[in-house]
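Structure first, then comments.
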Amino acid sequence: MSYIEEKCDTPMESNEECEQDVELTTSDILDNLYWTLGLVKQIRDIEHLEAHAKRKPIDFHFIIHFISGLFSWLFLMSVYYILEVSYHIQFPDYLDPDGEISAYYYVFAYPVIVFLYNRFTLLYKWMKYSSRVKQNNQLLPSIKENLFHESIVPSEYWSPANVSTLIKYFEQDRVSHMGEALNMLDEEIRHQEKMEELENIRRFTN
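Numbering (the numbering used here), first residue to last: 5 to 210.
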């Protein structure tokens, strides 16, 4: 049982309910917020590691792949003719761009290289991080369970940025209780979303 739960006279499902039933001091709230921040950062690091292990190194949009493939084809053609004309290097017939079969080598060179590079890189990353990812996946449910039962921060605000903002409110004496802090955080989030929408509109109209 956490020190905040011990302040409750009756059992509570989470510290969010407990905080509503008990008058917590600013010191109690800050202690809980810093504890919450540590676990939230741990969750973020776990999720980032798994995403990094599964992320393809070359993962572009189809149009980007098409453009990159086109430039790769032009580059290979240029290298071929420069070496053949300027340096009089004789290439095998199967590399002659004018040949019917050799054209496929140049067309499919880019996608094959990208595919192999992605596969081998993902294999390497999985061999490097798989044990840590498995351990983290086993640890993650218990971390979230601890947060749910002992943190006074609602689960929808479980991010390092949000928790850090709540800590800033209390350390700067801008709020006196969690309800007020959460309302202020909601206003700040809505303001930020509006500013981002206006910025997106401005970019599209310019």
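Note that the Cβ used here is the ideal one computed from N, Cα and C, for glycine as well. Everything numeric in this text was worked out from a predicted model, so none of it was measured.
Nearest-angstrom beta carbon gap, residue j and residue i [assumed within contact, 8 Å]
i: I166; j: L189; result: It is worth fixing the name first, because residue 166 is Asn in this sequence and not Ile. About 6 Å; that satisfies the 8 Å criterion.
i: I205; j: Y121; result: Not really, about 39 Å apart at Cβ, beyond 8 Å.
i: A57; j: K138; result: The Cβ separation is near 11 Å, so there is no contact.
i: L37; j: L151; result: Not quite, the Cβ-Cβ distance comes to about 12 Å (not below 8 Å), so this is no contact.
i: L43; j: I147; result: 5 Å
i: K60; j: L126; result: 7 Å
i: H113; j: L80; result: The sequence as given places Ala at residue 113; His does not occur at that position. 7 Å between Cβ atoms; contact.
i: K45; j: P158; result: So it is not a contact: roughly 18 Å between Cβ atoms.
i: F208; j: I33; result: F208 to I33, Cβ: 42 Å. No contact.
i: S155; j: T40; result: 4 Å
i: N140; j: I50; result: 4 Å
i: W77; j: V111; result: 7 Å
i: S109; j: L99; result: This sequence places Tyr at residue 109; Ser is not what is there. Right, their Cβ atoms sit about 7 Å apart.
Helix, strand or coil at residue i according to DSSP, with G and I counted as helix
i: P145; result: helix
i: K60; result: coil
i: P115; result: helix
i: E27; result: coil
i: I47; result: helix
i: I205; result: helix
i: L120; result: helix
i: D100; result: coil
i: D35; result: helix
For residue i, the first and last residue of its enclosing alpha helix (DSSP H)
i: L80; result: F66 to S90
Any chain D beta carbon closer than 7 Å to residue i
i: P164; result: Looking at the structure shown, chain D is missing, and only one protein chain is on hand.
(request) Identify every run of the alpha helix (DSSP H) within the segment 135-197, keeping only runs that are complete inside it and at least 4 residues long; order them along the chain. (result) DSSP runs (the alpha helix (DSSP H)) wholly in the segment 135-197: 164-175.
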